[in-house]
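*Asks:*
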Ligand SMILES: Cc1cc2nc3c(=O)[nH]c(=O)nc-3n(C[C@H](O)[C@H](O)[C@H](O)COP(=O)(O)OP(=O)(O)OC[C@H]3O[C@@H](n4cnc5c(N)ncnc54)[C@H](O)[C@@H]3O)c2cc1C
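Numbering (this note's numbering), first residue to last: 44 to 340.
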């Protein structure tokens, strides 16, 4: 089955944009192709007129430190993220979430940008980027700018980016400082479609003595059409002592404020409600342990 008529591998962002303009809405960006090409085959789309492969653009496939930011190209693969010492240092939850995407073959080609642009609320990389309060650099309607990651999402599989005209270029995260740490965990169906029953990424900032939470960011998904923060549970943690009582209050707040629905592909509401407690407890405990480890920043 033919999936495209022309395949281009631009070497610069300008070349990619020129190709998108040339095909006037008939070309489509591709990175690893693990969502796009599989959908094309499964849904028996007519071939794309052109695919514009962004994975040869150096700026989009590098991970680098830029002052206080860690910058990750949209074309960086999940496998590259897992191996990166820079990401391990700054964003353990992102390493953990990229490390469970598909199997090794998928992780070797599938990209963080593709995970975000596909706009599923429970994309594993996406969940961690939301908890890390990442920003995305985009070319949207011809204008290059940085946006909070959550601003990219409109609904399930709907992003503000038109992948026949717009480009996702890079992500940036604040580099972790002393007392900050994160963790990710998910529960997946043992077989069948690649949909997590629930995923959770948690980031914490503890005080200098490591006795109190200064702040926390939590993303539990999918519990709605777009990935979002568990803000009620975050507010419960802020300023409170690191203790079993605080953890219980945060779990209760998350369970009261989030409403995962029953899904025939995932699980029942009741089961997923219980998982909120399990995953938040696991990730919060791990993030706090990491924040208390002197070697970890
Ligand atoms: C067997 C299998 C298992 C999987 N398991 C998981 C899993 O456990 N967790 C999970 O989250 N996902 C999973 N996936 C889904 C997929 O692998 C990931 O979402 C992956 O990160 C997609 O990246 P990609 O580079 O392959 O995207 P592509 O398929 O190349 O692109 C996806 C979409 O994003 C657009 N796009 C890509 N890059 C850009 C860019 N830079 N700018 C603008 N638009 C862009 C494309 O046009 C397309 O619409 C799985 C897929 C398979 C086939």
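Here a beta-carbon is modelled for each residue, glycine too, at the ideal position from N, C-alpha and C.
1) Name the residue from 224, 198, 115 and 121 whose alpha carbon lies nearest to the alpha carbon of residue 332.
2) Taking 7 Å as the cut-off, decide whether the C-beta atoms of residue 291 and residue 303 are in contact.
3) At a threshold of 6 Å, does residue 261 count as lining ligand 1 (C-beta to nearest heavy atom)?
4) Flag this pair as touching only if the stretch 179-188 and the stretch 132-141 have three or more C-beta atom pairs under 8 Å; answer yes or no.
5) Using the Cα positions of residue 226 and residue 244, report the straight-line distance between them to the nearest angstrom.
6) Applying the criterion that 16 or more other CB atoms from any shown protein chain within 10 Å of the CB defines a buried residue, is residue 88 buried or exposed?
7) Below 8 Å on the Cβ atoms is my guess for residue 255 versus residue 285; work out the distance and round it to an integer in Å.
8) Taking only heavy atoms of ligand 1 into account, decide whether any of them is closer than 6 Å to the Cβ of residue 83.
9) Please report the residue range of the alpha helix (DSSP H) in which residue 308 lies.
10) Could you say which of 52, 86 and 205 lies nearest to residue 183 if we only look at CA atoms?
11) Just checking my contact of residue 164 with residue 268 at CB under 8 Å: how many whole Å lie between their CB atoms?
12) Taking the beta carbon of residue 144 as the centre, do at least 16 other beta carbons fall within 10 Å, making it buried, or is it exposed?
13) For the candidate residues 162, 253, 232 and 283, whose alpha-carbon lies nearest to that of residue 211?
14) For residue 185, does the count of other Cβ atoms within 10 angstroms reach 16, so buried, or fall short, so exposed?
15) Grab me the residues of residue 264's own chain with a C-beta within less than 7 Å of its C-beta, minus the 5 sequence neighbours each way, in chain order.
16) Measure the CB-CB distance between residue 301 and residue 266 and report whether it falls below 7 Å.
17) Is there contact between the stretch 48-56 and the stretch 76-95, where contact requires at least three CB pairs shorter than 8 Å?
18) Quick check: does the Cβ of residue 55 come within less than 6 Å of any heavy atom belonging to ligand 1?
19) If you run the structure through DSSP and keep just helix, strand and coil, what is residue 89?
20) If I measure Cβ to Cβ from residue 131 and keep anything under 8 Å in the same chain, skipping five residues before and after, which residues do I get?
*Replies:* Based on what the coordinates show:
1) Scanning 224, 198, 115 and 121 for the CA closest to the CA of residue 332 turns up 224.
2) No. Outside cutoff.
3) Not under cutoff, so the answer is no.
4) No, they do not touch.
5) The C-alpha of residue 244 is placed about 6 Å away from the C-alpha of residue 226.
6) Result: exposed.
7) Yes, residue 255 and residue 285 are in contact; Cβ-Cβ is about 6 Å, under 8 Å.
8) No, since every heavy atom of ligand 1 falls outside the 6 Å radius drawn around the Cβ of residue 83.
9) Neither: residue 308 is in no alpha helix (DSSP H) and is coded neither H nor E.
10) Nearest to residue 183 by C-alpha distance, out of 52, 86 and 205, is 205.
11) Contact flag correct, Cβ pair sits at about 6 Å.
12) Buried, because 16 or more other Cβ atoms sit within 10 Å of the Cβ of residue 144.
13) Minimum Cα distance to residue 211 is reached at 162.
14) Residue 185 counts as exposed, since fewer than 16 other beta carbons sit within 10 angstroms of its beta carbon.
15) 164, 165, 170, 242 and 270, listed in sequence order.
16) Yes. Within cutoff.
17) Result yes; three or more Cβ-Cβ pairs closer than 8 Å.
18) It does not: the Cβ of residue 55 is nowhere closer than 6 Å to a heavy atom of ligand 1.
19) If DSSP states are grouped into helix, strand and coil, residue 89 belongs with coil.
20) A distance below 8 Å between beta-carbons, with the five flanking residues on each side excluded, links residue 131 to the following residues of its chain, in chain order: 138.
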